[in-house]
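Residue numbers (the numbering used here): 199 to 446. Backbone N, C-alpha and C define an ideal beta-carbon position, used for all residues, glycine too.
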């Protein structure tokens, strides 16, 4: 029988980010952002040649947009290139990104759940641990349903709920705190699992008992960046936190 590893044995609930943690969908977001940003940089090249370089999905995505609401991510990346556009421009880029992402989904881009994550979810459920999914994406619930894991969660807080409730985006802890509230658990008894730097920082700000970082890329110092942002433990796959029944 599978068991959960030591770091998670003393928590009552676990809140997990969706893209890149539960579902293998972060690459769809990254490629959609690249399409939108590169089009903008070509049409409106910054003064500095260095700032005109294309969006890098391995460097720029985790640093500036991963885990954030679309408008916040667009503004953060453009600021990194010395561009401070009007709100209407930020809105246009965010809309273009979402259009590209939805098109990829419409064309049938696969969005499976990670096997190691599914193994951990089942191990946590067998121990009576409450589970919530939290994401700034308005498509999170759809992704969880398409990956056949939606029914494993006691609560889901997505971008639609964030907008309805006026929740601030990461690195503010609002999404995670709302998820804990819905689970009726204290953050001090709750763990958060995140792959985004902004998400790890948000969880630490929220006073959660344990912050687990997921570094699936293993490049560009992301492991150390997650620790610096607030993660207590960083793994390359959540299957590492399941013992005796770990996925090979």
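Spatial neighbours of residue i within its chain, please: CB distance less than 6 Å, with the 5 preceding and 5 following residues excluded, ordered by chain position.
i	result
residue 378	385 and 388
residue 280	244 and 249
residue 190	In the structure displayed, the chain extends from 199 to 446; residue 190 sits before or after that span and is not available.
residue 221	309, 311, 341 and 345
residue 288	269, 272 and 273
residue 436	314, 315 and 318
residue 446	Residue placement at residue 446 cannot be trusted, given a pLDDT of 40 that sits under 50; the coordinates are not used to answer.
Contact defined as beta carbons within less than 8 Å: I believe residue i pairs with residue j. What is the distance between those atoms, to the nearest angstrom?
i	j	result
residue 328	residue 319	The Cβ separation is near 11 Å, so there is no contact.
residue 357	residue 333	7 Å
residue 260	residue 420	6 Å
Do residue i and residue j have their C-beta atoms within less than 9 Å of each other?
i	j	result
residue 404	residue 392	no
residue 302	residue 226	yes
residue 381	residue 423	no
residue 201	residue 314	no
residue 247	residue 262	no
residue 331	residue 215	yes
residue 383	residue 210	yes
residue 361	residue 339	no
residue 414	residue 434	yes
residue 264	residue 218	yes
residue 234	residue 298	yes
residue 367	residue 295	no
residue 408	residue 431	yes
Residues bridged to residue i by DSSP?
i	result
residue 431	410
residue 388	211
residue 328	211
residue 202	440
residue 221	217 and 311
residue 355	332
Can you list, in chain order, the residues of its chain with a C-beta nearer than 8 Å to that of residue i? Leave out the 5 residues immediately preceding and following it.
i	result
residue 255	225, 228, 229, 231 and 232
residue 212	206, 322, 327, 328, 329, 330, 388, 389, 390 and 391
residue 359	365 and 376
residue 278	258, 261 and 262
residue 418	256, 257 and 260
residue 425	411 and 432
CB-CB under 7 Å to residue i, same chain, minus the five flanking residues each way: which ones, in chain order?
i	result
residue 207	none
residue 316	347
residue 283	276
residue 350	319, 323 and 329
residue 374	213, 332, 390, 400, 401, 404 and 406
residue 238	291
Measure from the C-beta of residue i to each C-beta in chain B and report whether the shortest distance is under 9 Å.
i	result
residue 429	Structure shown: chain B not included; a single protein chain is present.
Please tell me whether, using a cut-off of 8 Å, the distance from the CB of residue i to the nearest non-hydrogen atom of the ligand ADP is below it.
i	result
residue 295	Looking at this structure, you won't find the ligand ADP or any other ligand, since it has none at all.
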